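Going down the list, the protein sequences come from chains P and S.
First residue of the first sequence? That's 4 in this note's numbering, and the numbers climb one at a time after it.
First residue of the second sequence? That's 4 in this note's numbering, and the numbers climb one at a time after it.
There are 2 protein chains.
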Amino acid sequence: MGVRPDDASEHVSLEAVRLPEPAPLPEALTRAEGVELRTDVEQRLRHAAGRSYPDLVRLRRGELEVAPDAVVVPFGREAVGPLLRLCAEERVAVVPFGGGTSVVGGVDPLRGEHAAVISLDLSGLREVEVDRISLTARLGPGLRGPEAEAELARAGLTLGHFPQSFEQATIGGFAATRSAGQASSGYGRFDDIVTAVELIAPVGSLRTLQIPHTAAGPSLRELVLGSEGTLGVITEVACRVRRAPKRRLYEAWVASDFGAGREICRDLAQNGLLPEVLRLSDEAETAISLQMAGVGGARARALDAYLGLRRRRGGCLVVCGWEGEPDTVRRRRRLAVRRLRRAGAAALGRSAGRSWERGRYEGPYLRDTLLDLGVLVETLETAHSWSRLEELYCAVRAALREALGERSIVICHLSHAYPDGASLYFTFLARGEPGQELEQWRRAKSAACEAIVSCEATITHHHAIGRDHAPYMRAEVGELGLEALRAVKNRLDPAGVMNPGKLLALGRGG
Amino acid sequence: MGVRPDDASEHVSLEAVRLPEPAPLPEALTRAEGVELRTDVEQRLRHAAGRSYPDLVRLRRGELEVAPDAVVVPFGREAVGPLLRLCAEERVAVVPFGGGTSVVGGVDPLRGEHAAVISLDLSGLREVEVDRISLTARLGPGLRGPEAEAELARAGLTLGHFPQSFEQATIGGFAATRSAGQASSGYGRFDDIVTAVELIAPVGSLRTLQIPHTAAGPSLRELVLGSEGTLGVITEVACRVRRAPKRRLYEAWVASDFGAGREICRDLAQNGLLPEVLRLSDEAETAISLQMAGVGGARARALDAYLGLRRRRGGCLVVCGWEGEPDTVRRRRRLAVRRLRRAGAAALGRSAGRSWERGRYEGPYLRDTLLDLGVLVETLETAHSWSRLEELYCAVRAALREALGERSIVICHLSHAYPDGASLYFTFLARGEPGQELEQWRRAKSAACEAIVSCEATITHHHAIGRDHAPYMRAEVGELGLEALRAVKNRLDPAGVMNPGKLLALGRGG
């Protein structure tokens with residue numbers, strides 16, 4: 004990538020961070036009941052940004068353009084309604100905050116046209132109530148992934164929702180952003196798992212019935228899911244849960260190329276044989292993955308010889324993760340393996356699968372190391388129907404390479420396969436342009452987004468809209484679609500205090 | 004039921020039908036382009052009502068309180084937008100009409116506060132475009148069930164959507180009402196099947212991208228699904244399709260009682276072993292089903308002896324329908340049968356299963372015969388989580404028996420099983436009170452609806468809201484939920500011409 008030793012950058016210490024001066028808070032807010040109010044620099048800083056590349060650049064520089072004027076932590080659900088009413092009256096913007104892992108600027112504490120902005124930290128709302136007969140659980144929005152799983156594990160249950168942000172992200176955030184976990188093929192995306200929600204808005208609250216399904220009009224649950232804090236605060240989420248899997252079997256295969264691998268994924272998806280986890284890396288990501296899995300030295304040479312023998316050198320890695328009852332795993336895997344072999348995939352075995360599994364949450368940490376070295380590294384994702392996936396893949400890759408230059412690295416994997424299509428997840432790396440990192444990032448991001456839109460694909464399969472994708476909402480749902488959603492927002496949040504500048508904020512060029 | 008020979012009623016001939024005087028149509032409407040305009044009595048009558056019991060009573064009496072002032076048939080999608088704009092300008096109410104099979108008053112041609120009302124017959128919109136790679140199809144809203152299946156069958160495909168209204172109902176109606184087919188456990192409800200929609204509203208149109216999934220905000224697709232013509236006209240529906248099943252195997256079992264049968268359904272649903280069709284009749288429905296399946300005389304005695312031997316006399320019928328690749332059907336069935344036997348179910352064999360399959364669309368026809376005899380007969384349905392299904396079953400049954408008297412018959416089946424719950428479908432019969440049929444029906448219907456609401460169950464699993472359930476929408480989604488949906492309607496249909504009096508029209512007591 005042309006990275007040089009003197010590209011290495013350091014991040015500033017906490018003491019050196021410059022936060023914008025806090026705006027004065029309305030007197031009534033400082034006296035709000037049932038909440039803790041924090042205005043110290045550390046809390047303001049911890050709620051000042053998400054975890055996108057621009058967020059990291061700003062945090063490392065210690066130059067935050069925005070920060071909340073206060074962090075407010077409600078002790079219970081009953082405090083949320085009065086607080087939001089107060090904020091609407093006093094014209095204080097409210098940014099709901101779960102784990103703070105947004106990579107699209109979803110928690111940026113923007114004031115909009117208001118006098119002040121608070122970050123509403125939901126970490127106090129962590130109730131759990133399990134219905135073992137119906138296999139559902141009511142969960143508080145502030146529960147982090149591992150907390151929710153630990154509570155459910157005591158009843159032998161699991162949500163099965165494991166996005167890369169799992170360790171930090173929360174139930175409320177999963178619901179507000181339509182999160183999709185790495186095992187979504189098996190357990191469902193988070194919006195599949197949710198059966199009911201409670202939303203508290205500035206003008207009141209609504210909750211959907213806890214029922215398996217209804218034909219009673221447009222789905223309010225699906226209106227709250229993905230609302231990203233712009234309509235109100237999600238204060239309870241009821242989810243389907245599963246019995247914890249007794250057997251977990253991860254393995255890797257190599258397909259001859261990305262096209263052949265894609266056909267394998269389509270075949271499995273259209274024949275009801277998807278493993279819980281299915282990921283297909285393109286040639287470039289495969290090469291890096293195998294290197295990074297520590298398959299170096301003698302092992303690398305042995306693998307290379309093996310793949311050469313099987314004519315799969317330069318092929319594409321397929322990770323299959325099977326989870327469930329031992330019998331079921333054995334039976335489903337046997338049927339899928341038959342199709343993998345028939346399509347010419349070569350088995351790499353379980354150690355390569357386990358290696359992926361071990362590293363499944365490591366991406367975000369690795370990013371810090373790369374930033375230390377002066378590398379620009381970012382991810383973005385989209386989805387399309389099978390018949391247009393190749394077109395989309397080529398368009399986004401070409402756009403990123405064009406924007407970042409010949410020495411950049413653009414790698415991709417297919418995950419989240421469906422009978423009618425799949426998502427594509429791109430990672431791109433380049434030498435960071437010192438001092439110009441944000442402009443460089445913006446150039447690449449815009450190019451990729453324009454390519455996605457021109458293919459009529461979705462601007463996001465699971466990272467959500469936030470601030471970064473808001474200009475593309477018009478391309479996604481059309482002007483009238485956007486207007487319909489804004490009409491809902493105006494009804495629930497007439498003062499416009501809920502998470503300004505996100506989701507419904509801007510049309511492209513608007 | 005105490006029905007007497009002189010209860011028998013006849014329906015009037017077409018000539019004797021009294022329709023309300025048509026309101027004069029605005030001049031501009033009579034000159035609208037790209038549409039056919041019909042004002043003859045037969046067309047007005049054919050679009051004057053749906054197929055609920057009150058509809059049938061009114062049709063048989065020949066006394067229609069309402070009828071459209073004209074029936075308008077667009078020749079293509081491009082005519083719909085200008086027509087709706089015109090109707091909004093001229094204050095003409097528009098009732099979108101597909102197959103006219105609503106059993107909740109969904110197509111009642113109510114004028115609301117407008118000068119006239121038209122029925123917008125979508126039978127001209129019948130385009131089909133199949134994507135064999137992605138296994139999706141774009142379908143026109145006017146296609147009836149059998150038409151859509153015939154088109155797809157030419158490509159070896161199926162929607163797998165077979166509600167009891169299949170023969171008459173249309174793609175647009177399925178989408179507008181969140182229809183669920185008898186094989187929903189296998190193929191998904193219609194709202195599961197739909198991947199994209201186009202909606203033309205009086206102020207403009209919106210369409211969602213044809214993609215497998217998106218995290219781009221609240222789901223507009225889920226806002227259009229179930230909108231029942233109150234937001235605009237659904238002019239295109241993209242659906243997932245499947246390869247047509249090579250093997251279809253229907254069979255029946257008998258569980259010892261309804262509770263034991265319910266546990267069987269829950270066990271299959273929570274272990275991923277649902278057949279494509281799964282129905283469990285309660286004791287009363289079982290007795291009638293076995294009689295009606297023609298299991299009379301010697302066969303009845305043999306069956307009775309067999310069930311007595313297996314201690315299942317007075318038990319509950321379970322119908323399992325398996326569809327798919329022969330291998331898959333064999334394997335899935337074997338696993339399910341193991342669980343059925345373990346739970347004490349006795350096999351009734353395939354002829355009883357085939358008998359259910361043969362009669363799957365007969366219910367609506369049988370109703371006509373019963374009305375001829377002077378019998379009140381109606382159905383309603385709901386759904387709840389497994390842990391509250393027994394409570395719901397008892398409450399609705401008791402309410403109907405109380406309202407209709409001791410000699411009434413109330414039967415029920417469980418269908419549409421999910422991991423977290425299931426739907427209950429009630430059929431109730433009583434001697435019709437001559438001349439007071441509508442009041443008698445209203446009494447029973449209200450009692451059942453109140454029971455459902457008091458259990459916090461849904462007012463409808465798949466019949467939709469229409470006019471009859473509109474008073475219960477407040478209980479279903481709350482006042483603020485209703486207001487959020489009304490805000491969308493006000494944005495898309497500010498003149499309020501789209502299907503007045505349905506879905507969002509009334510709160511209970513409002």
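Glycine included, every Cβ here is placed at the ideal spot set by N, Cα and C.
This one's a predicted model, so the numbers in the text were calculated from it and none came from an experiment.
Check	Outcome
Does the beta carbon of D496 (chain S) come closer than 7 Å to any beta carbon on chain P?	no
Leaving aside the five residues before and after V38 (chain P) along the sequence, list all residues of the same chain whose C-beta is less than 7 Å from its C-beta, in chain order.	V75, V76, P77, F78, A82, L86
Establish whether the CB of Y428 (chain S) and some CB of chain P are separated by less than 7 Å.	no
Check distances from the C-beta atoms of the region 365-386 of chain S to those of chain B and list, in chain order, the residues that come in under 8 Å.	Absence of chain B from the displayed structure is noted, the protein chains being P and S.
Count the other CB atoms within 10 Å of the CB of T372 (chain S); is the residue buried (16 or more) or exposed (fewer)?	exposed
Taking R445 (chain P) as part of the beta strand (DSSP E), name the residues at either end of that continuous run.	No beta strand (DSSP E) holds R445 (chain P); the alpha helix (DSSP H) holding it covers 440-457.
Who pairs with H465 (chain S) in a beta bridge, going by DSSP?	Paired residue(s): none; H465 (chain S) is not in a bridge.
What's the call for A156 (chain P), buried or exposed, on a 16-neighbour Cβ count within 10 Å?	exposed
My guess is that E459 (chain S) and L212 (chain P) are in contact by the Cβ rule of under 8 Å, so how many angstroms apart are they, rounded?	6 Å
Within the same chain, show all residues whose beta-carbon is closer than 6 Å to that of F193 (chain P), passing over the 5 residues directly before and after it, in chain order.	H164, F177, S182
Quick one, which of P:P221, P:M501, P:A401 has its alpha-carbon nearest I455 (chain P)'s?	P:A401
At which residue ranges does the region 323-405 of chain P contain complete beta strand (DSSP E) runs of 3 or more residues, listed in the order of the chain?	349-352, 378-388
By DSSP's criteria, T173 (chain P) is part of a beta bridge. Which residues make up the other side?	P:R147
I'd like the span of the beta strand (DSSP E) that includes L488 (chain P), first residue to last.	Taken as a continuous stretch (DSSP letters only), L488 (chain P) belongs to no beta strand (DSSP E), being part of the alpha helix (DSSP H) at 476-495.
Does Q273 (chain P) come within less than 7 Å of chain S when only Cβ atoms are used?	yes
Please confirm whether G352 (chain S) has its beta-carbon closer than 7 Å to some beta-carbon of chain P.	no
Would a C-beta distance cut-off of 7 Å place R494 (chain S) and A153 (chain P) closer than the cut-off?	no
Does the Cβ of C397 (chain P) have 16 or more other Cβ atoms within 10 Å, making it buried, or fewer, making it exposed?	exposed
Measure the beta-carbon distance from L376 (chain S) to G484 (chain P) and round it to whole angstroms, keeping in mind my assumption that it falls under 8 Å.	Wrong, their Cβ atoms sit about 51 Å apart, outside the cutoff.
Excluding the 5 residues preceding and the 5 following R246 (chain S) in the sequence, name in chain order all residues of the same chain whose CB lies nearer than 7 Å to its CB.	G159, L160
Note down, in chain order, all residues in the region 411-424 of chain S with a beta-carbon under 9 Å from any beta-carbon belonging to chain P.	H419, A420, Y421, P422, D423, G424
So does the region 223-230 of chain P actually touch the region 124-143 of chain P, counting three or more Cβ pairs closer than 8 Å?	no
Any beta carbon of chain P sitting closer than 7 Å to that of G176 (chain S)?	no
Quick one: which chain S residues come within Cβ less than 7 Å of M4 (chain P)?	Under the 7 Å cutoff, chain S gives no residues; its nearest Cβ is about 30 Å from M4 (chain P).
Please list the terminal residues of the continuous beta strand (DSSP E) segment that includes D194 (chain P).	D194 (chain P) -> not in any beta strand (DSSP E); alpha helix (DSSP H) instead, spanning 193-196.
For the region 319-330 of chain P against the region 355-372 of chain P, are there 3 or more C-beta pairs whose distance is under 8 Å?	yes
For L142 (chain S), which residues in the same chain have their Cβ closer than 7 Å to its Cβ, ignoring the five residues on either side in sequence?	V131, A151, I174, V240, C242
Under the rule that 16 or more other beta-carbon atoms within 10 Å means buried, what is G512 (chain P), buried or exposed?	Its pLDDT being 38, under 50, G512 (chain P) is placed unreliably in this model, and the coordinates cannot settle the point.
Taking only beta-carbon atoms, is I237 (chain P) less than 7 Å away from chain S?	no
Buried or exposed: which applies to R344 (chain S), given that a residue is buried once 16 or more other Cβ atoms fall within 10 Å of its Cβ?	exposed
Does the ligand ZN have even one heavy atom less than 6 Å from the beta-carbon of L252 (chain S)?	You won't find the ligand ZN in this model; it holds no ligand whatsoever.
Rounded to the nearest angstrom, what separates L417 (chain P) and F429 (chain P) at their Cα positions?	9 Å
So, does the region 48-62 of chain P touch the region 410-425 of chain P, judging by three or more C-beta pairs under 8 Å?	no
Output, in sequence order along the chain, the residues in the region 206-223 of chain P whose CB is closer than 8 Å to any CB in chain S.	V206, G207, S208, L209, R210, T211, L212, Q213, I214, P215, H216, T217, A218, A219, G220, P221, S222, L223
One question on the structure: do A219 (chain P) and T461 (chain S) come within less than 7 Å of each other, judged by their Cβ atoms?	yes
When you compare only the Cα positions, how much space is there between R367 (chain S) and V97 (chain S)?	Before going on, a small fix: residue 367 (chain S) reads as Pro here, not Arg. Looking at the two C-alpha atoms, the distance is approximately 27 Å.
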